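Okay, so here's the structure we're looking at.
There are 2 protein chains.
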Amino acid sequence: MPSAADEAASPNVTIHGWIRTVRVQKHVAFVDISDGSIGVGMQCTMEPAKARSLHTGCSVRLSGTLVSSPGVEQKRELRVSECVVLGTVDPKTYPLHKARVSFDYLRQHPNIRSRSKSFGALWRTRNSATLAIQDFFQSQQFLQIHTPILTSNDCEGAGEAFRVVTNDFLKAMSEPRAPGAPPAPSEFFGHPVYLTVSGQLHAELVASALSRVYTFGPAFRAEPSDSTRHLAEFWMLEAEASFLTSLDDLMSLAEASIRSITDGTAARSADDLAFFAKWVDTTLPSRLDALTAPFARMTYTEAITVLSAADRTWTHPVRWGLPLQTEHERYLAEVHCRGPVFVTDYPTAQKPFYMLASSSSTPDRETVACFDLLVPGVGELVGGSLREHDVHRLETNLRRAGLDPVAYDWYLDLRRFGTVPHGGFGMGFERFLAYITGMANLKDLAVVPRWLGHCRY
Amino acid sequence: MPSAADEAASPNVTIHGWIRTVRVQKHVAFVDISDGSIGVGMQCTMEPAKARSLHTGCSVRLSGTLVSSPGVEQKRELRVSECVVLGTVDPKTYPLHKARVSFDYLRQHPNIRSRSKSFGALWRTRNSATLAIQDFFQSQQFLQIHTPILTSNDCEGAGEAFRVVTNDFLKAMSEPRAPGAPPAPSEFFGHPVYLTVSGQLHAELVASALSRVYTFGPAFRAEPSDSTRHLAEFWMLEAEASFLTSLDDLMSLAEASIRSITDGTAARSADDLAFFAKWVDTTLPSRLDALTAPFARMTYTEAITVLSAADRTWTHPVRWGLPLQTEHERYLAEVHCRGPVFVTDYPTAQKPFYMLASSSSTPDRETVACFDLLVPGVGELVGGSLREHDVHRLETNLRRAGLDPVAYDWYLDLRRFGTVPHGGFGMGFERFLAYITGMANLKDLAVVPRWLGHCRY
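So the protein lines, in turn, are chains A and B.
Take the first sequence: its letter number 404 is residue 394 in my numbering, and every next letter is one higher.
Take the second sequence: its letter number 315 is residue 305 in my numbering, and every next letter is one higher.
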């Protein structure tokens, strides 16, 4: 759709779109239509008779001339000579109205909600952020790879992976079998297969040949939780860099990526972010400003000291060795640092097997060279670490975690053959979008969200 | 890694990489190393004593000065003053050797194969093609969306979808239950859920609000087939455009996209495509040239006429109403048209419920406004159609296909409320990569391939 703000007017135009509002006056009708390509609609004027059958949600083809507009909202408007209705709407059953409706209501109509101004703005912002990710990582000589969704390893070891089977297998499993009957039929892949919870181990595979890679794609968690913070399917950005030896360098890379992706998104979607700042979260501009200053950095041990000294009553105890809970993470980012903060060097016992020991690790306080990036309002946005690159220590870590080194033989090979120091990080894409739009519920940031009990189509 | 072809020399440099070859002579050792960022390695020279412990596959950090090289392969080489081995290799067990090995052999070592020249070139080309997809569709005002992987609909109706369950559900299903015992426990989503075979219906959802969208992500088929043409997990590009009324326009869009993505990939990965033309498929340049001419277009009915008149003995019968088999598709593209050909307007009975009837459809020969793009060597590369946008005819189509319109109520809503004419197409990404690299086996085009019986990690 030609932007109403464009200076170069074309006299005769045909436009397509969906009607947002119709206002019929005695001598003229005002019709606002949108094709979703930008947030601002096009104001159109026509004879009242032509607008009688038009309702919010109708699709139309309008022809006419662009003229200067006397209105304050737009510089130009379309004076319609021909109006063709492509698709009608029964205003009694159409789920969207021209009045504002709540996000709760829109979530009940996920197949239509993309027509609302907010969701149009969200999907355009999501598109911009996707491009900004590409721009940053390509500029840093990272290659995009596509790590697999189907996997037989559970990288995080949290046991919340979905299982993938065929209908035939499931049917055979569910049929009654007499004692002593032959075992269940073989699976499609010959063994249990899951949906990935992280592409990290596979990203390491390629990084140990091409040095710097990133993967941006779906990941899955079968968490039986219906909260504003949980999706069963979400998109994740994961980057992995070889020949990287310092956690500080890794944090600087993560920090630069957040800043660049935010700037790139803002540059492409300035109008849409202004929309969110006006209608969704008025603190958004100051929250985005907080990204321009250097992010704070503190160790887990320092964080425990800060939390212990805080003038707060904690619901969850604060003690070295215990995990940081949401209340602790929010305090660190929102109150203590008033902005993003990297918390580093967590206790080894809290973290997965693949992390490298910290240089500051001691026998009584074993820690790993990792970080969580905590941001106001969202909590953990990015997590990363240096990876254990010594094959023997990695085997020891696997055994300590109760995992079978044989199942990770392919991964141990990466250390057996020309191992290199390396590290990487992962960022939940919907969480990032929540941070830069102010939207509070992750279900509103996935195009078609899936969570406990919700996968209707 | 600084390219050996760079003119601007920096005198003192440190580089990282994996050793490709070591050649120790009496007074000097030649070591070729690569970090995977480009196809050409860096030739390094050092004292023979320094190179004694080096083998193919070792990872090293080398410091020295860049000097003009007397060799014909490179303009500059690194005269090494310091060589640090980061990761050793036992040459007896390292799966790669400096000699050429077959793709069959490399497929047995999928965790290490990315270190080979061919797979480095493939992943760099895959990265370039991913960017070229972005460039084309963004330039055409398409927004990238991320359609869901988890879905309860089977868009193509082929019944080859993987089922997604939780471990708890599977365990309960597999435990013996006495007759009359309570039914199996509820599923995570409350009903059966599958891995997507196509994002099309969800892309239509967003296109009916934002007009032009594309989705690029994984899709899955549980085809129990171990051929060079089957992957259980592959990437697919799908584009959907509203306000599009002509199949010719849709084909022109698909044709422009193929041409642009190919050109964009070639521009970014010229050296790697030259590598494939030299070592993998010498006909590659002529096959890529075939993309510059307009693609042929013929109807299915015309194709049947051509095939019937061909001086060939067909294994599969040729008759109006029967599907085109691989032998027919290859003949049309490779012999009859000698290049890409769109075959349009297939019999309705062969195609899914969502396709719009052709304008040329007659009661005795019902056809739909669709196309398959057939290309030499690969077969079907792209499939697309106009979509039925009338709610009543769409309901009739669903019933004829034996599908329950209630399950597609959300999709019918898109036609109930402001429906618009629209269409779209989908392209298998690995097939496209096969076409532009000459690689014959799709398993070699996925970073971590999955197929029947193969998902070890």
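Each residue gets a CB set at the ideal place from its N, CA and C atoms; glycine is no exception.
For clarity, every value in this text was computed on a predicted model and none was experimentally measured.
Bridge partners - residue i, DSSP secondary structure assignment
i	result
Gln128/B	Paired residue(s): none; Gln128/B is not in a bridge.
Gln134/B	Tyr204/B
Tyr336/B	According to DSSP, which records beta bridges pairwise, Tyr336/B is partnered with nothing at all.
Phe20/A	Arg13/A, Thr35/A
Gly77/B	Ser49/B
Arg66/A	Ser58/A
Thr4/B	Ser53/B
Arg355/B	Thr352/B
Tyr425/B	The partner list for Tyr425/B (beta bridge, DSSP) is empty, contrary to what the question assumes.
Arg153/B	Val155/A, Tyr184/B
Phe415/A	Ala229/A, Gly374/A
Thr364/B	Reading off the sequence shown, one finds Leu at residue 364/B, where the question assumed Thr. Leu364/B is bridged to Val331/B, Glu370/B.
Thr141/B	Tyr184/B
Under 7 Å between C-beta atoms of residue i and residue j
i	j	result
Thr468/B	Ser351/B	The structure shown has nothing for residue 468/B, since chain B only spans -9 to 447.
Gly26/B	Asp261/B	no
Gly374/B	Leu234/B	no
Ile248/A	Phe126/A	no
Leu274/A	Gly428/A	yes
Leu363/A	Phe407/A	no
Ser118/B	Thr255/B	yes
Thr156/B	Phe179/B	no
Leu441/A	His220/A	Reading off the sequence shown, one finds Trp at residue 441/A, where the question assumed Leu. Against a cut-off of 7 Å, the Cβ pair of His220/A and Trp441/A comes out as a contact.
Cys360/A	Val183/B	no
Asn143/A	Tyr84/B	no
Ser24/B	Arg114/B	no
Glu150/A	Ala209/A	no
Thr305/B	Gln134/A	no
Thr334/A	Thr291/A	no
Leu96/A	Arg103/A	yes
Glu319/A	Gly369/A	yes
Met163/B	Met163/A	yes
Leu452/A	Leu237/A	Only positions -9 to 447 of chain A appear in this structure, which leaves residue 452/A out of reach.
Gly47/B	Val79/B	yes
Ile5/B	Leu52/B	yes
Trp310/B	His136/A	no
8 Å contact criterion, which residue i and residue j should meet: CB distance rounded
i	j	result
Leu185/A	Val154/A	6 Å
Val50/B	Arg69/B	Between Arg69/B and Val50/B the Cβ distance is about 15 Å, and since that is not below 8 Å, they are no contact.
Val365/A	Tyr425/A	6 Å
Arg302/A	Gly367/A	With 8 Å as the limit, Arg302/A and Gly367/A do not qualify as a contact, their Cβ atoms being about 18 Å apart.
Asp434/B	Leu112/B	7 Å
Thr11/A	Lys107/A	Going by Cβ atoms, the distance from Thr11/A to Lys107/A rounds to 11 Å, so no, they are not a contact pair.
Leu44/A	Val18/A	Not quite, the Cβ-Cβ distance comes to about 14 Å (not below 8 Å), so this is no contact.
Val465/B	Phe265/B	Here chain B comprises residues numbered -9 to 447, so residue 465/B is not present and cannot be evaluated.
Ala430/A	Thr141/A	Contact flag wrong, Cβ pair sits at about 32 Å.
Pro138/B	Glu223/A	6 Å
Arg116/A	Leu432/A	Not a contact, Cβ separation roughly 13 Å.
Contact with chain D by residue i, beta-carbon distance below 7 Å
i	result
Asp380/A	The question asks about chain D, but that chain is absent: this structure's protein chains are A and B.
Ranges of the beta strand (DSSP E) found wholly within the segment 187 to 242 of chain B, counting only runs of at least 3:
202 to 210, 223 to 232
Closer than 8 Å is the cut-off here; do at least three beta carbon pairs connect the segment 74 to 85 of chain A with the segment 21 to 39 of chain A?
no
What are the complete alpha helix (DSSP H) segments, minimum 4 residues, inside the segment 274 to 349 of chain B?
274 to 279, 290 to 299, 316 to 320
Stretch pair the segment 367 to 383 of chain B + the segment 293 to 304 of chain B: three plus CB contacts closer than 8 Å:
no
Hey, is the segment 414 to 428 of chain B in contact with the segment 384 to 397 of chain B, meaning 3+ C-beta pairs nearer than 8 Å?
no
With three or more beta-carbon pairs closer than 8 Å as the criterion, would you say the segment 393 to 401 of chain B touches the segment 222 to 232 of chain B?
no
Quick one: any contact between the segment 196 to 211 of chain A and the segment 338 to 346 of chain A, if contact means 3 or more CB pairs under 8 Å?
no
Does the segment 282 to 290 of chain B come into contact with the segment 319 to 331 of chain B, if we say contact requires no fewer than three beta-carbon pairs (one atom in each stretch) closer than 8 Å?
yes
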